[in-house]
Amino acid sequence: QKEVEQDPGPLSVPEGAIVSLNCTYSNSAFQYFMWYRQYSRKGPELLMYTYSSGNKEDGRFTAQVDKSSKYISLFIRDSQPSDSATYLCAMRLNNAGNMLTFGGGTRLMVKP
Amino acid sequence: EPEVTQTPSHQVTQMGQEVILRCVPISNHLYFYWYRQILGQKVEFLVSFYNNEISEKSEIFDDQFSVERPDGSNFTLKIRSTKLEDSAMYFCASTVEGANSPLHFGNGTRLTVT
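If you read the protein sequences in the order shown, they are chains A and B.
Read in order, the letters of the first sequence are residues 2 to 113 in the numbering used here.
Read in order, the letters of the second sequence are residues 20 to 133 in the numbering used here.
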């Protein structure tokens, strides 16, 4: 079983739609969860950073962590064409410094 | 906004050659990292570096790899004898407080080994 799994997409939505991106993971010891956005030929850019279970909101972005189901989500409200990118989930153990384990990424396309 | 800067953006080298990838982390950051992403695969952790020492390294980071902070601003990754399978995007990252702060990535160096 892969440690962190993401549907690779592509996920194509119309502008203004609500987007739901998800990751599942197998290691219940993961405690910190992140979402990165990666544009073509660029490095990953941090969007959301959460600890343990619960929700976190930042502007149009909401991150949810359900540790009991080993499932994390990123919601994007009022999606824009500029949101078109690959979204990577990442997570780490409590005492693992910044040794992140990444998912494979979901490619999102927001059409005007 | 301060950025992590990586040079070159693309490096082509022949198998067996040594290559050095360079990074300038954000100026007040103290913890430095290298990750890589083989085309079509996941981003993978290679090594973390703090206080002039390797803090953690993955199984990928074998004896062919080394890291150095030769002066107050640069952070380098050296691959001694490149193999075809070393072809990947190599991302440098830095943080202020290590595990208590999230990573800021550079835009990567694409390494092509022929």
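Cβ atoms here follow ideal geometry from the backbone N, Cα and C, with glycine treated the same way.
Check, Outcome
"Boundaries (first-last residue) of the beta strand (DSSP E) holding Asp59 of chain A", "Gly55 to Asp59"
"7 Å Cβ cut-off: residues of chain A touching Pro121 of chain B", "Met35, Leu47 and Tyr50"
"Cβ neighbours of Pro15 of chain A in the same chain (closer than 6 Å, five flanking residues each side left out)", "Lys112"
"Proximal chain A residues relative to Asn126 of chain B, where beta-carbon distance stays under 8 Å", "Arg42, Lys43 and Gly44"
"Buried or exposed by the 16-neighbour rule on C-beta atoms within 10 Å, applied to Lys61 of chain B", "buried"
"Outcome for Val115 of chain B when other beta-carbon atoms lying within 10 angstroms are tallied against a minimum of 16", "exposed"
"Short-range partners of chain B found in the stretch 79-100 of chain A, where Cβ spacing is below 9 Å", "Leu89, Ala91, Arg93, Asn95, Asn96, Ala97, Gly98, Asn99 and Met100"
"For Ser29 of chain A and Met100 of chain A, the rounded distance between their alpha carbons", "16 Å"
"Status (buried if at least 16 other CB within 10 Å, exposed otherwise) for Pro121 of chain B", "buried"
"Below-8 Å beta-carbon distance, Ala118 of chain B vs any chain A residue", "yes"
"Where the beta strand (DSSP E) containing Pro15 of chain A begins and where it ends", "Leu12 to Pro15"
"Chain-ordered chain A contacts of Ser106 of chain B [CB-CB under 7 Å]", "Near Ser106 of chain B there are no residues of chain A at all, since even the closest Cβ is about 16 Å away, more than 7 Å."
"Beta-bridge pairing of Lys112 of chain A - partner residues as DSSP gives them", "A:Pro15"
"Continuous beta strand (DSSP E) stretch holding Ala112 of chain B: start and end", "Ala107 to Thr114"
"Neighbour list for Ser46 of chain B in chain A, Cβ cutoff strictly below 8 Å", "Under the 8 Å cutoff, chain A gives no residues; its nearest Cβ is about 18 Å from Ser46 of chain B."
"Residue nearest to Ser28 of chain B in terms of C-alpha spacing, selected from B:Phe51, B:Val66 and B:Cys42", "B:Cys42"
"Alpha-carbon spacing of Val66 of chain A relative to Cys90 of chain A, whole angstroms", "11 Å"
"8 Å Cβ cut-off: residues of chain B touching Phe103 of chain A", "Lys61, Val62 and Glu63"
"Any C-beta of chain A under 8 Å from that of Phe110 of chain B", "yes"
"Range of the contiguous beta strand (DSSP E) that encloses Gln39 of chain A", "Phe31 to Gln39"
"Member of A:Ser83, A:Met110 and A:Ile73 whose CA lies at the smallest distance from the CA of Asn56 of chain A", "A:Ile73"
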